[in-house]
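Report on one structure; see the data block that follows.
Residue numbers (this note's numbering): 570 to 1338.
Now the structure itself:
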């Protein structure tokens, strides 16, 4: 602090009051000394000596008073300079000064801090300005330095960029003034530098706020504490119809619609007073008198002292949203294609109807309708035709139902009808049969397309079949599944037996998933015997499920579940891979080559990549292709005839044998059969069971053997269990058989033992001959 004070002291070169007093006291001292010296030497007469002594004394007194006054003034100047230094230290005033005569420059601590330096870190001279100034600002700096030498220069102000210590430039507002000296020369120049960054940022924020205010689609209204409008934006005028000139100075009640009472506004202002804001929906009035809804937010703006200075209201016109609210609700709760209620709305209406039926002790029924053969139509003609048909179905359904009934589309080709206030449960079946009859006539679609479509219907009745909407829907679904099993155009009521069966299917599917993961599946092999020689020439691979809790489960129990759940693809691929791998192990062990037959389900054959799967498995296991026989059902062969024919031809080119399983139980179309490149026809067990006792079964078996031989196929009879059956088949030329008469299906190890026993029997038979 002492250094800074001395610096400031050096800045003032013109004599002050303290200096004048010191000069006067010095003069008085000199004169007094001269007089006193003269007296001491006796240079003056006596009278004159007395006078001189008195004058000397007077001068000495004057000397003392001048010295005291000079010290007092010096002390005052010192205190003032200390105070000035403290003011400069306490405030961020970037002050600078220059003693023009001495060309000595001085800068306040704030000036150095502004540029990132410690005080006096750089030489304080005129060259400092030039070294820190931006190159483009050299001319203003030179003019300022030149003008500091002009005594009568007026105050000047200009913008200047000075380089900060870290390298960037600060834009400063620089002010300069010159104080003249005693001879009208420039004695002292001083000025300040103000950082313009905050002002620039503030200006940018103001411009941004103005742009936002002008461009926002929400109306903005600012009022004073007396609720007089002081500012509005363009959106305010667009929404309300009032221009800014018409609104400014008016009360905010200018927009009041009269739709809200005093309690509404009292609650609104109470919220603003307690929480500082209010947000809600309000109805206001436009200039043309139209009342419209808006979402309004009012906020209180407070000043530095915490007092409310303004209120800001921001609002958005929601009349368009209000107008489309009903349409939006319709879209959410209705099917966009048929315009019928969707599943969500139907379920809600069903719950409401159940509640009403409980109170009034009445009945209601739920009908779930599934269109028969719709998937075939959709796959054949495309979704555009399918959508047109669904729209016609919705129209017919709506025309048939009563005003109190509720038709709906649940999704896909599944519809539902809610029948309220029915007298008897049987009434639901009457409506169901009417709907089935309604769907029976042909449907005329675009481009002259005529299609026939049926319907299957599941029915559940309240309160017999459920106590809530979810139960009724679930039970109607179960009844629908039973109706579809019964065939097209059927309806079926729910029963507890259906629920138990459905739950068992769900449980079985879950356990089947675990069985696949935990390797619980097994392959059993049933011998296929050449009837004439009695030799085992092959085997049919049959999957079994070794359940740790329920033991060995037959395929008839779980294959249907695998079909419906899609697990059949994974199971079928595993069975084929395991069979081919086992066959190759038997070949490596020296056993006679066998033809191994593997069943392909219709779903697996029609919707799986069978060719790629067979080729991959044969390549990976090394099993010969001509020893693999694929067994297909009639239903798989007759669907998509040309595609199936092409696929069979490609499989034959791979060397794989093909057999048709359960022949006679399906389509049994000879015109189709003659086109397929098959190797074996298998007579279904149902035709073998009563041989040779039932005439019809005997005729069918004989006919199948004749057809097969005529078409060049081998014929194999399934389920042969006694010698009489075998004798009949042998008599009529059947080639092969399999059944419990020879052996039940066996695990791989037991089957290998059976092959060994058969080989020994053959050797003994040859030796006896």
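Positions of the beta carbon are idealized from the N, C-alpha and C atoms, including for glycine.
Just so you know, these numbers come straight off a predicted model, no measurement behind them.
Check, Outcome
"Just the Cα atoms here: how many angstroms apart are residue 1262 and residue 1103?", "24 Å"
"Starting from the C-beta of residue 1143, find all residues in its chain whose C-beta is less than 8 Å away, skip the five residues before and the five after it, and write them out in chain order.", "1085 and 1090"
"Tell me, please, which residues DSSP counts as bridged to residue 1251.", "1285"
"Out of 699, 735, 1303 and 1295, which has the shortest C-alpha to C-alpha gap to residue 555?", "Residue 555 lies beyond the range of the chain shown here (570 to 1338); nothing can be said about it."
"Find the nearest neighbour of residue 1107 within the set 1101, 1096 and 1100, judged by alpha-carbon distance.", "1096"
"Since residue 983 and residue 1026 should fall inside the 8 Å C-beta cutoff, what is the C-beta to C-beta distance between them, to a whole number of angstroms?", "Incorrect: roughly 11 Å between the Cβ atoms, too far for contact."
"Out of 1211, 676 and 738, state which residue places its alpha-carbon closest to the alpha-carbon of residue 705.", "738"
"Could you give the C-beta distance for residue 668 and residue 757, rounded to a whole number, given that I count them as a contact under 8 Å?", "6 Å"
"To the nearest whole angstrom, what separates the beta carbons of residue 1165 and residue 1152, a pair I think is in contact under 8 Å?", "5 Å"
"Is it true that the CB of residue 884 sits closer than 7 Å to the CB of residue 856?", "no"
"Could you tell me which uninterrupted beta strand (DSSP E) segments, each at least 3 residues in length, are contained entirely in the region 926 to 1013, listed from first to last along the chain?", "932 to 941, 975 to 980 and 983 to 991"
"Between 1248, 768 and 1298, which has its C-alpha nearest residue 1269's C-alpha?", "1298"
"Pull the bridge partners of residue 1099 from the DSSP assignment, please.", "1305"
"Can you list the alpha helix (DSSP H) stretches of 4 or more residues lying completely in the region 1186 to 1234, in chain order?", "1203 to 1207 and 1210 to 1222"
"For the pair the region 1174 to 1187 and the region 1154 to 1163, tell me if three or more CB-CB distances fall below 8 Å.", "no"
"Measure the C-alpha to C-alpha separation of residue 1018 and residue 1009 and round it to an integer number of angstroms.", "16 Å"
"Looking at the structure shown, is residue 1115 part of a helix, part of a strand, or coil, going by DSSP?", "strand"
"Considering residue 1029, what are the terminal residues of the beta strand (DSSP E) in which it resides?", "1023 to 1031"
"By alpha-carbon positions, which one of 881, 1179 and 1031 ends up nearest to residue 920?", "1031"
"Assuming contact is defined by CB atoms lying nearer than 7 Å, are residue 1314 and residue 988 in contact in what I supplied?", "no"
"Please confirm whether residue 1036 has its beta-carbon closer than 7 Å to some beta-carbon of chain B.", "Among the chains of the structure shown, chain B does not appear; only one protein chain is present."
"Report the residue from 979, 1062, 1047 and 1013 whose alpha carbon sits nearest the alpha carbon of residue 1002.", "1062"
"Taking the alpha helix (DSSP H) that residue 1146 falls in, what are its first and last residues?", "1137 to 1157"
"Output the distance between the C-alpha atoms of residue 1295 and residue 962, rounded to the nearest integer angstrom.", "55 Å"
"So, residue 1289 versus residue 1308, is the Cβ gap smaller than 7 Å?", "yes"
"Starting from the C-beta of residue 1170, find all residues in its chain whose C-beta is less than 7 Å away, skip the five residues before and the five after it, and write them out in chain order.", "1132, 1137 and 1141"
"Hey, out of 1316, 1250 and 1318, whose CA is closest to residue 1287's CA?", "1250"
"When burial is assigned at 16 or more other CB atoms within 10 Å of the CB, is residue 871 buried or exposed?", "exposed"
"Tell me whether residue 572 is buried or exposed, calling it buried when 16 or more other Cβ atoms sit within 10 Å of its Cβ.", "Summary for residue 572: the model assigns pLDDT 36, below 50, so the residue's position carries little reliability, and this model does not support an answer."
"Expressed to the nearest angstrom, what Euclidean distance is found between the alpha-carbon atoms of residue 967 and residue 1202?", "41 Å"
"Going by alpha carbons, who is nearest to residue 765 out of 971, 693, 729 and 674?", "729"
"Going by beta carbon distance, what residues of the same chain come within less than 8 Å of residue 1139, once the five residues before and after it are set aside?", "1085"
"Rounded to whole angstroms, what's the CA-CA distance from residue 973 to residue 830? Just pull it up for me.", "41 Å"
"To the nearest angstrom, how far is it from the Cα of residue 803 to the Cα of residue 827?", "24 Å"
"Let me check understanding here. Comparing Cα to Cα, which of 850, 854, 874 and 875 lies closest to residue 863?", "850"
"Quick one: what's got a C-beta closer than 8 Å to residue 994's C-beta in the same chain, skipping five residues either side?", "932, 934, 1030, 1033 and 1062"
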